[in-house]
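Worksheet: one structure, shown below.
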Amino acid sequence: MVIVIAGPTGVGKTELSLYLASKLNGEVINADSTQVYKGMDIATNKVLDTKGIIHHLLSVIPLTDDYSVFDYQKDARALIDDILSRGKVPILVGGTGLYIKAALYDYEFSNKTNNEYEGYSNDELYQMLLKVDPETNIHLNNRVRVISALNYYEANHKPYSSKEKNNNLLYDTLFIGLTADRDVLYYKINQRVEKMIVQGLIDEAKLLYDSGIRSKAVMTPIGYKELFDYFDGNCSYDESIDLIKQRSRHYAKRQYTWFNNQMDLKWFKTNYENFHLTCDKVLEYIKNNS
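Anchor point for the sequence shown: position 188 equals 188 in the numbering used here, and the numbering is continuous, going up by one each time.
Rendered as structure tokens:
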């Protein structure tokens, strides 16, 4: 059986994964698109003390490389098969829902890069999409989604607009979601940003800033680009920190929406005062349903 721990940022997914792995003879597979990269630890909230639990796809990709969902799908499935073959439990943990779906569902991705579309205008790309997906509701100027839909058609030979909400699962899987009241979660997210600063977020961001690397890996996580603007003198320190908090809250909201629409999760409310109680409830649910 495969276990998934999903949900928005700040609900305790990492702590729960360590607990479950210790109780279920499990190994953790990272399902966060920013934590696969080396050298980005604090802003991505990467687990540094794994408590002896084996972790996979964590800090394995150089910042200059582009690691796609196609790459993740290939690597994660190989890991799942290997962990299961050794009689252990794969535990996928993270907030990148597309990574989780890519690993577990009968869903194909193309390894075609977006660079291959550089010579086409938005209108030309959109006309290409209309030929294979006339029912598309993607906007003409949403270039990223148009290209994704073209890649989806190439890989699956069917239009993206016909993609089912739930594809066929490749593995026996239990989906766990952690949640919290919105005002409590937002307060915890703000607190976590302050904790990151104490842990050295500013220094970590300055190292990346001074490296001159501006790859997708560096510019995607919340926390670096906001501080880069501060280093450039485009905003004050307080403004950059407030923006990190704001964007983190908005990101959590988007994660909720995605998981509610895309996955059938068994939700558990995080008990921040006594998280061990949350862990015990989840463990009991897993034992009763495995």
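Beta carbons are placed, not taken as given, at the ideal position from N, Cα and C, and that holds for glycine. Just so it is clear, the structure is predicted and the values come from calculations on it, not from any experiment.
Asked: Considering only their Cβ atoms, is the gap separating Glu204 from Asp41 smaller than 8 Å?; Found: yes
Asked: Can you tell which of Gly87, Leu20, Ile100 has the C-alpha that lies nearest to the C-alpha of Tyr72?; Found: Ile100
Asked: If you follow the beta strand (DSSP E) that Leu178 is part of, which residue opens it and which one closes it?; Found: 173 to 179
Asked: CB-CB under 7 Å to Lys74, same chain, minus the five flanking residues each way: which ones, in chain order?; Found: none
Asked: Between which residues of its own chain and Lys269 is the CB-CB distance below 7 Å, once the five residues before and five after are set aside?; Found: Thr179, Ala180
Asked: Determine the direct distance from the alpha carbon of Lys158 to that of Leu201, and round the result to whole angstroms.; Found: 44 Å
Asked: Please report the straight-line C-alpha distance between Tyr105 and Asp172, rounded to a whole angstrom.; Found: 11 Å
Asked: Quick one: Cα of Asp280 to Cα of Leu57, how far?; Found: 27 Å
Asked: Give the list of continuous alpha helix (DSSP H) stretches no shorter than 4 residues that lie fully inside the stretch 185 to 232.; Found: 201 to 211, 216 to 219, 224 to 231
Asked: Is Asn166 helix, strand or coil by DSSP?; Found: Below a pLDDT of 50, predicted positions are generally treated as unreliable, and Asn166, at 45, falls in that range; the measurement from the model is reported next regardless. Asn166: coil per DSSP, three-state reduction.
Asked: Are Leu63 and Lys46 closer than 8 Å when you measure CB to CB?; Found: no
Asked: Does Glu118 come out as helix, strand or coil in the three-state DSSP assignment?; Found: coil
Asked: For Ser292, which residues from the same chain have a beta carbon less than 6 Å from its beta carbon, with the 5 sequence-adjacent residues on both sides left out?; Found: Outside the modelled stretch of the chain, which goes from 1 to 290, sits residue 292, for which no answer is possible.
Asked: Give me the Cα-Cα distance between Leu170 and Tyr209, rounded to the nearest whole angstrom.; Found: 41 Å
Asked: By Cβ distance below 7 Å, which residues in the same chain neighbour Cys235 in space, the five residues on each side in sequence not counted?; Found: Asp229
Asked: Got a sec? Which residues, its chain only, sit under 7 Å from Tyr285 by beta carbon, not counting five neighbours each side?; Found: Lys266
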